[in-house]
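Quick notes on the structure that follows.
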Amino acid sequence: MMTRLTKILLVLVSIFMLSATVNAKKKNKQGKPEESPLSGIPLRNIGPALISGRISDFAFHPTNKQVFYVTTAAGNMWKTTNNTITWEPIFDNEGSYSIGTVEIDPSNPLVLWVGTGENNAQRSVAFGDGVYKSVDGGKSWKNMGLKNSGHISQIWIDPKNSDTVLVAAQGPLWSDGGDRGLYKTTDGGKNWERILNVDKFTGVNEFVVDPRNPDNIVASTYQRRRHVWVLINGGPG
């Protein structure tokens, strides 16, 4: 049973709510719009994938420990020149905000190679538009091709010949085909040759180059094809 105090509280709450409703109607009759209690709170975009929290790769200057690069799956590429005190975004004006990997030329630290497209296959995966190259430490960039690779997970630069570069391309996630497999250039990115091709659903996600003989390469492949309702993966390894 209700106590006397409870009944009194219910009556007071009802009177308060009725009074608020009447006042609101009076304001409407005067032509003044009602203000939402949330009107003072600004809206902000919180995702799901447009945040830079998913770190995809690092690249460290070989001689200057103050300088290194961080790439993110969905939030640009960043450079520090003072050992993380400040950061500068250096990929804002390019065709993709999603970066899978970055590599510094061991023969010239001003030369950077970047593979765009998130390097995994999660639900919020972001795709890229190929391989980029910078010859001035990230101040400017040029797209070097493989624009239909979708997702690039690894780049290797020959330490004895900067024009020779290997790229692991996973391929588009939501469709078959594209630039998918292990690619090689011997002219600094002007032309590419696919040196490992499995099928239209299977790309290359990682590889290792023998430091004693760069002609010896071991690569892992990944069959993946996402639909709205299922992810088809596995396949040849």
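Counting with the numbering used here, you get residues 1266 to 1502 for the letters of the sequence shown.
In this text, a Cβ means the ideal position worked out from N, Cα and C, and glycines have one as well.
- In this structure, the beta-carbon distance from Asp1322 to Val1332 does not fall below 9 angstroms.
- Within the DSSP bridge table, the entry for Phe1325 names Phe1333 as partners.
- Taking every protein chain shown into account, the CB of Arg1477 has fewer than 16 other CB atoms within 10 angstroms, so this residue is exposed.
- Linking Thr1349 to Phe1356 through their CA atoms gives a straight-line distance of about 18 angstroms.
- Thr1381 and Gly1305 have their C-alpha atoms some 39 angstroms from each other.
- It is roughly 6 angstroms from the alpha-carbon of Val1473 to the alpha-carbon of Ala1484.
- Within 10 angstroms of the beta-carbon of Ile1369 lie 16 or more other beta-carbons, which makes it buried.
- Assigned with DSSP and collapsed to three states, Ala1433 falls in strand.
- The Cβ atoms of Asn1373 and Pro1354 lie no closer than 9 angstroms to each other.
- Out of Leu1496, Asn1456, Trp1406, Asp1394, the CA that lies nearest to the CA of Ile1417 is found in Asp1394.
- Leaving aside the five residues that flank Ile1497 on each side, the residues in its chain whose CB is nearer than 8 angstroms to its CB run, in chain order, Phe1466, Gln1488, Arg1489, Arg1490, Arg1491.
- In the DSSP assignment, Trp1378 falls within the unbroken beta strand (DSSP E) covering 1377 to 1381.
- Contact between Val1432 and Val1396 holds, since their C-beta atoms are separated by about 6 angstroms, short of 8 angstroms.
- By the Cβ neighbour-count rule, Ser1440 is exposed, with fewer than 16 other Cβ atoms within 10 Å of its own.
- If only complete runs of 3 or more residues are kept, the segment 1385 to 1421 shows the beta strand (DSSP E) at 1396 to 1399, 1407 to 1410, in order along the chain.
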